[in-house]
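For what it's worth, this note's numbering labels the leading residue of the sequence shown as 18, then goes sequentially. The next block holds one structure in the form of structure tokens; read it before the comments.
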Amino acid sequence: MGLFDRMMNMFTIVANEGHGSVAVVFLIGILFGGIIQYTRVDKFEKIAGFAMLKDTTVPKMLFLAIGIAAIGLFFEVKLGYASYHIKPMILSGLIVGGILFGASMAILGKCPGTGPISIAEGRIDVLVGAIGGILGAYVFTKYYDSFFEPLMGKSYGKETLLNTMGAHASWFVFVFGIALIIIAIKIPTMELLDEADLSKLTEEERAEIEANTKFEIIK
């Protein structure tokens with residue numbers, strides 16, 4: 018399969034997923050972007066601070082979102098209200114890809130969700146990173162069959178909790194989701210702030226934050 022055919026096949030798969038009309042998808046995108054901006058997790062300080070264990074905004078949000086989504090999506094799929102596309106489990110590819118993704122996310126301070134939002138805010142550093150990501154995706158797609166696929170190792174099939182745990186899968190997902198929600202609530206609040214954050218505060222609020230050991234200020 019050539020590069021163009023592979024790209025067209027990708028668009029066909031996405032179009033056939035049945036996620037709803039363009040208007041619905043656009044509205045969901047606006048809501049997602051609004052939540053990201055409100056929580057400020059599109060800022061470099063949040064993700065880099067998470068990597069340095071100095072900011073817990075990202076893990077608190079992730080644990081809470083994954084916990085709620087895990088329970089909601091699992092039971093929606095079981096009831097026939099949602100579906101998902103299962104990818105094969107390829108351990109070598111997952112390990113290498115996870116290392117590259119984590120390192121790149123820590124260096125750039127963005128992820129594929131927050132990156133486009135930062136670009137829309139006019140951040141040139143993220144635009145440069147996005148261009149690099151597009152070039153990397155091009156190289157991966159072009160040389161996938163000849164170079165990358167042999168490196169990815171054995172495929173263990175499209176495994177799911179329903180396949181491996183059977184009747185116990187529902188209880189496992191429920192307990193797993195509740196555990197993540199509790200962890201999100203219990204994680205101590207720490208924030209890495211810069212002068213842009215502080216400029217929006219009153220003198221009283223700034224003084225209170227500077228005296229609070231839960232916050233670290235970047236000068």
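Each residue gets a CB set at the ideal place from its N, CA and C atoms; glycine is no exception.
Three or more C-beta pairs below 8 Å linking the region 129 to 137 and the region 56 to 67: yes
Three or more C-beta pairs below 8 Å linking the region 200 to 211 and the region 75 to 84: yes
Whole-number beta carbon distance between Lys127 and Leu149, since they are thought to touch under 8 Å: Checking the displayed sequence, the identity of residue 149 turns out to be Gly instead of Leu. Not confirmed; about 12 Å, so no contact.
Residues bridged to Ile107 [DSSP beta-bridge criterion]: Ser172
Candidates Ala196, Phe91, Lys159 and Pro167: closest to Phe21 by CA position: Lys159
Boundaries of the alpha helix (DSSP H) in which Leu144 is found, first to last residue: Ile141 to Lys159
Nearest neighbour of Asp72, chosen from Ser163, Val42 and Leu209 [CA to CA]: Leu209
Classification of Met25 by the beta-carbon crowding that lies within 10 angstroms, buried from 16 upward: exposed
Beta-carbon spacing of Val190, Phe91 below 7 Å: yes
Alpha carbon of Ile198 to alpha carbon of Tyr155, nearest angstrom: 38 Å
As assigned by DSSP and simplified to three states, the class of Gly50: helix
Alpha-carbon to alpha-carbon, Tyr161 and Leu152: 14 Å
DSSP three-state assignment for Lys127, whether helix, strand or coil: coil
Cβ neighbours of Thr177 in the same chain (closer than 7 Å, five flanking residues each side left out): Ile103
Alpha-carbon to alpha-carbon, Ile124 and Ala86: 28 Å
Close Cβ partners of Arg23 (< 7 Å) along its chain, the five nearest in sequence each way excluded: Thr158
Assigned secondary structure, Arg57 (DSSP; H/G/I helix, E/B strand, else coil): coil
Residue interval of the alpha helix (DSSP H) (run including Phe164): Careful: Phe164 lies outside any alpha helix (DSSP H) and carries neither H nor E.
Buried versus exposed call for Ser109 [16 or more other C-beta atoms within 10 Å across all chains shown]: exposed
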